[in-house]
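J.:
Here it is, written out as structure tokens:
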């Protein structure tokens with residue numbers, strides 16, 4: 166009960182960033198936060214003046230315009246393509262903090278906004294901070310991200326080796342929340358769940 170209470174209270178306490186701007190200019194970058202109801206991703210443009218992600222990873226389609234980045238437990242990602250595949254062993258290993266992590270990258274030709282998506286407008290300086298944050302979460306090999314071969318959910322995604330460990334106290338949503346703090350955006354003081362992030366954008 167104490168763990169649940171602390172988790173909830175810390176997710177309610179806001180860390181308020183700069184106010185979002187309503188219109189994009191040449192010095193701003195549109196990104197998105199996207200959730201499937203459990204897991205949050207950063208969704209960013211494939212290429213702009215700040216970075217061309219194609220120089221660091223392989224895209225499944227040359228028509229891709231957006232990339233979703235989601236950090237998480239390696240075993241959970243690779244062994245649980247659907248919730249029905251989740252085993253007790255995988256779950257316990259994930260929350261223990263002893264496993265490796267992975268980055269799930271999904272390419273979109275068109276990214277559709279819905280109720281589970283929040284649009285953010287970042288300055289180029291803030292976006293560079295986000296790029297550096299995401300980049301630092303990858304393991305690299307010859308200046309490119311190290312792929313986890315033969316593992317994917319479909320034709321438009323891929324997995325890469327990542328740094329850090331998922332645990333009961335640091336989840337995929339904690340990773341996104343920390344990234345928001347780095348870019349001076351609204352965030353929770355600390356959160357494990359996606360709603361700990363999205364409640365600060367309602």
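In the numbering used here, the protein residues as written are 166 to 367. Glycine is no exception: its CB is placed at the ideal position from the N, C-alpha and C atoms.
#1: Have a look at residue 211 and residue 219 and give me their C-alpha separation to the nearest angstrom.
#2: Could you check where the beta strand (DSSP E) with residue 362 kicks off and where it finishes?
#3: By how many angstroms is the C-alpha of residue 352 removed from the C-alpha of residue 272?
#4: Sort out for me which residues DSSP pairs residue 205 with in a bridge.
#5: Going by CA-CA distance only, name the one from 234, 276 and 338 that's closest to residue 361.
#6: Helix or strand or just coil, what does DSSP make of residue 291?
#7: Once you ignore the five residues that flank residue 124 on each side, which residues in its own chain have a CB closer than 7 Å to its CB?
#8: Spatial neighbours of residue 354 within its chain, please: C-beta separation below 7 Å, excluding the five flanking residues on both sides.
#9: May I have the straight-line CA-CA distance separating residue 296 from residue 216, to the nearest angstrom?
#10: For the beta strand (DSSP E) holding residue 322, just list the boundary residues, first then last.
#11: Applying the criterion that 16 or more other CB atoms from any shown protein chain within 10 Å of the CB defines a buried residue, is residue 334 buried or exposed?
#12: Alpha carbon to alpha carbon, how far is residue 196 from residue 208?
#13: Could you tell me which residues DSSP pairs with residue 231 in its beta bridges?
#14: Between the Cα of residue 303 and those of 317, 318, 344 and 325, spot the shortest distance and give me the residue it belongs to.
#15: Please report how far the alpha carbon of residue 238 lies from the alpha carbon of residue 321, in whole angstroms.
#16: Using the three-state DSSP reduction, which class does residue 309 fall into: helix, strand or coil?
#17: Can you tell me where the alpha helix (DSSP H) holding residue 341 begins and where it ends?
#18: Determine the closest residue to residue 316 out of 206, 269, 234 and 213, with distance taken between C-alpha atoms.
#19: Here's a check: name, in chain order, each residue in its chain whose Cβ is nearer than 6 Å to the Cβ of residue 310, leaving out the five neighbours to either side.
#20: Would residue 199 be called buried (16 or more neighbouring beta carbons within 10 Å of its own) or exposed?
T.: In short, the structure shows the following:
#1: 7 Å
#2: Not the beta strand (DSSP E): residue 362 falls in the alpha helix (DSSP H), residues 360-363.
#3: 25 Å
#4: 200
#5: 338
#6: helix
#7: Because residue 124 is not part of the residues shown, which for the chain are 166 to 367, the question remains open.
#8: 175, 178 and 180
#9: 8 Å
#10: 322-327
#11: exposed
#12: 6 Å
#13: 210 and 273
#14: 325
#15: 20 Å
#16: strand
#17: 337-347
#18: 269
#19: 221, 222, 303 and 325
#20: buried
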